[in-house]
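In what follows, a structure is listed as structure tokens, so that the remarks can point back to it.
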Amino acid sequence: GEDVEQSLFLSVREGDSSVINCTYTDSSSTYLYWYKQEPGAGLQLLTYIFSNMDMKQDQRLTVLLNKKDKHLSLRIADTQTGDSAIYFCAETLGGATNKLIFGTGTLLAVQP
Amino acid sequence: GAVVSQHPSWVICKSGTSVKIECRSLDFQATTMFWYRQFPKQSLMLMATSNEGSKATYEQGVEKDKFLINHASLTLSTLTVTSAHPEDSSFYICSARDWTSGYEQYFGPGTRLTVT
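Those protein sequences? They're chains C and R, same order as listed.
Residue numbering for the first sequence follows the working numbering, beginning at 12 and increasing consecutively.
Residue numbering for the second sequence follows the working numbering, beginning at 55 and increasing consecutively.
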């Protein structure tokens with residue numbers, strides 16, 4: 012079945028790096044995504060990685076994918092208070108619908 | 055580009071009434087729209103996938119007669135919660151996919167529904 016797990020909470024100090032982890036079970040994932048959700052708002056796509064890639068860097072964001080272990084991580088360098096939000100990983104399964112399966116979400120709290 | 059809007063942003067209704075939520079793609083044509091619901095402090099759960107001009111495909115456990123989805127044009131999909139009850143109170147989020155840019159989904163800002 013489809014199951015995407017994340018740790019519930021992460022607290023870091025401003026300026027430190029944050030690493031948010033995600034594990035998934037479906038090996039047929041084609042794309043894996045990281046979304047950010049601020050309180051009471053919709054989802055903002057931060058970055059994504061294709062399943063045949065190991066790493067992708069986009070400014071302060073680094074995504075690492077270990078397909079063998081079905082493990083995805085998002086590293087945020089120089090974390091700022093504005094990064095405080097809930098972060099969801101999501102996978103797109105193969106097939107015609109390409110629906111997104113979301114992880115449980117990680118609340119990132121950045122302490123000044 | 056790729057902006058999705060939802061209306062209303064929040065709504066309070068009485069138990070037993072019906073509520074319609076609109077999802078619009080403002081600057082692209084969305085052949086597929088998705089409807090999600092999110093309970094407080096929980097993840098998003100896909101309710102249904104809606105293709106323009108055809109019937110929506112509902113996920114297991116979602117009552118299609120209760121959550122009516124219409125996707126009559128390439129820029130508009132509506133979700134109607136019929137005979138709403140307090141347990142339907144939730145945050146409803148839509149997303150839209152633009153085939154010309156691949157498989158990325160663009161999310162609306164969400165609609166908070168409170169049923170009293």
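For each residue, glycine too, the CB sits at the ideal point set by N, CA and C.
Tell me residue i's beta-bridge partners as DSSP assigns them.
i      : result
L83/C  : C33/C and L76/C
L128/R : Paired residue(s): none; L128/R is not in a bridge.
E16/C  : T34/C
L167/R : V65/R and S144/R
Q91/C  : DSSP output for Q91/C lists no bridge partner at all.
F161/R : S149/R
F93/R  : According to DSSP, which records beta bridges pairwise, F93/R is partnered with nothing at all.
S140/C : Given that chain C is displayed from residue 12 to residue 123, the structure contains no residue 140/C and the question cannot be resolved.
T134/R : K74/R and L122/R
Is the Cβ of residue i closer than 8 Å to any Cβ of chain R?
i      : result
K110/C : yes
L56/C  : yes
A96/C  : no
A120/C : no
A52/C  : yes
G116/C : yes
F113/C : yes
Measure from the alpha carbon of residue i to the alpha carbon of each residue in the options, then state which is nearest.
i      : options                           : result
T90/C  : V121/C, C100/C, F113/C and E102/C : V121/C
E76/R  : T129/R, S137/R and Q114/R         : T129/R
Q68/C  : Y46/C, L85/C, S22/C and E102/C    : L85/C
Q96/R  : L19/C, L43/C and L111/C           : L19/C
D80/C  : I112/C, S38/C, Y44/C and G114/C   : S38/C
Y146/R : V73/R, K68/R and S69/R            : V73/R
G70/R  : R78/R, R151/R, L133/R and D142/R  : D142/R
C100/C : S62/C, G93/C, T115/C and D94/C    : T115/C
G53/C  : P140/R, A138/R, T154/R and H61/R  : H61/R
G164/R : L98/R, Q83/R, F82/R and P140/R    : L98/R
T34/C  : L21/C, I87/C and L75/C            : L75/C
L111/C : T136/R, S131/R, K118/R and M87/R  : M87/R
T134/R : D119/R, S79/R, I66/R and L100/R   : D119/R
E117/R : C67/R, L100/R and T170/R          : L100/R
Step through the CB atoms of chain C and report whether any lies within less than 8 Å of the CB of residue i.
i      : result
T103/R : yes
Q83/R  : no
S143/R : no
G70/R  : no
Q114/R : no
L80/R  : no
G107/R : no
E76/R  : no
P94/R  : no
I147/R : yes
Identify the continuous beta strand (DSSP E) that holds residue i and give its terminal residues.
i      : result
Q48/C  : Y42 to Q48
H61/R  : V58 to H61
A101/C : A96 to T103
N105/R : L98 to N105
D69/C  : M66 to D69
E117/R : From DSSP, E117/R is part of no beta strand (DSSP E); its letter is neither H nor E.
A150/R : S144 to R151
K74/R  : V73 to S79
T117/C : T117 to Q122
F82/R  : First-last for F82/R: undefined, no H or E at that position.
F113/C : L111 to F113
T58/C  : L54 to F61
Along chain B, in chain order, which residues have C-beta atoms closer than 9 Å to that of residue i?
i     : result
F99/C : Among the protein chains of the structure shown, namely C and R, there is no chain B.
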